[in-house]
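K.L.:
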Amino acid sequence: MNIIPRKFYLDDLFDNFTEGEVSKMKCDIYEIENTYFIEMDIPGFKKEDIKIECNNGNLVISAEKTQKEDMDKKYIRRERIYGKYSRSFYLGEVDEDNITAEFVDGILKLSIPKQIEKETRKFIEIK
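If you count by my numbering, then the sequence shown holds residues 13 to 139, one letter each, in order.
(1) Considering only the beta carbon of each residue, do Lys63 and Val72 sit closer than 9 Å?
(2) By alpha-carbon positions, which one of Tyr42, Asp53, Glu43 ends up nearest to Tyr97?
(3) Is there at least one Cβ from chain B nearer than 9 Å to Cys66's Cβ?
(4) Given a cut-off of 9 Å, decide if Phe101 and Ile50 are closer than it, judged by their beta-carbon atoms.
(5) Judging by CA-CA distance, which residue of Glu108, Ile128, Asp117, Lys86 is the nearest neighbour of Gly69?
(6) What is the residue span of the beta strand (DSSP E) that Ile73 lies within?
(7) Over what stretch of residues does the beta strand (DSSP E) that includes Tyr48 continue unbroken?
(8) Which residue or residues does DSSP assign as beta-bridge partners of Asp107?
(9) I need the straight-line Cα distance from Asn67 to Val106, nearest angstrom please.
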């Protein structure tokens, strides 16, 4: 018989130490033909809270939610998380001008076309 509940007093004190930033922004990355696709879970955020930056093949996705102070409330427990979270990926040569993003129901979907390789070899005609 278990009289003491599983979550007892400070039982969850170390939960945040085992759970890193990465676990709050889980994603799937896959490739179809010459395009990378990223689907990232960012629940509880608004589209305006999310920033996406791509610079020389480095993609950085960050989300920030600030805490509103409610002086008239006496909280017994607060589990919703506030703060800034970020993930970064190196994708190599991508077409930065044609990246598209969509945020629906807490899921961010990115489509990132690869840069089409240009032929750098030049053949010289012999006269």
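Each residue gets a CB set at the ideal place from its N, CA and C atoms; glycine is no exception. Bear in mind the structure is a predicted one, so any value in this text is a computation, not a measurement.
P.N.:
With the structure as the only source:
(1) With a cutoff of 9 Å on beta-carbon distance, Lys63 and Val72 are scored as near each other.
(2) Asp53
(3) Looking for chain B here will not work: only one protein chain is present.
(4) yes
(5) Glu108
(6) 70-77
(7) Run containing Tyr48: 47-53, per the beta strand (DSSP E) assignment.
(8) In DSSP, Asp107 forms no bridge with anything.
(9) 10 Å
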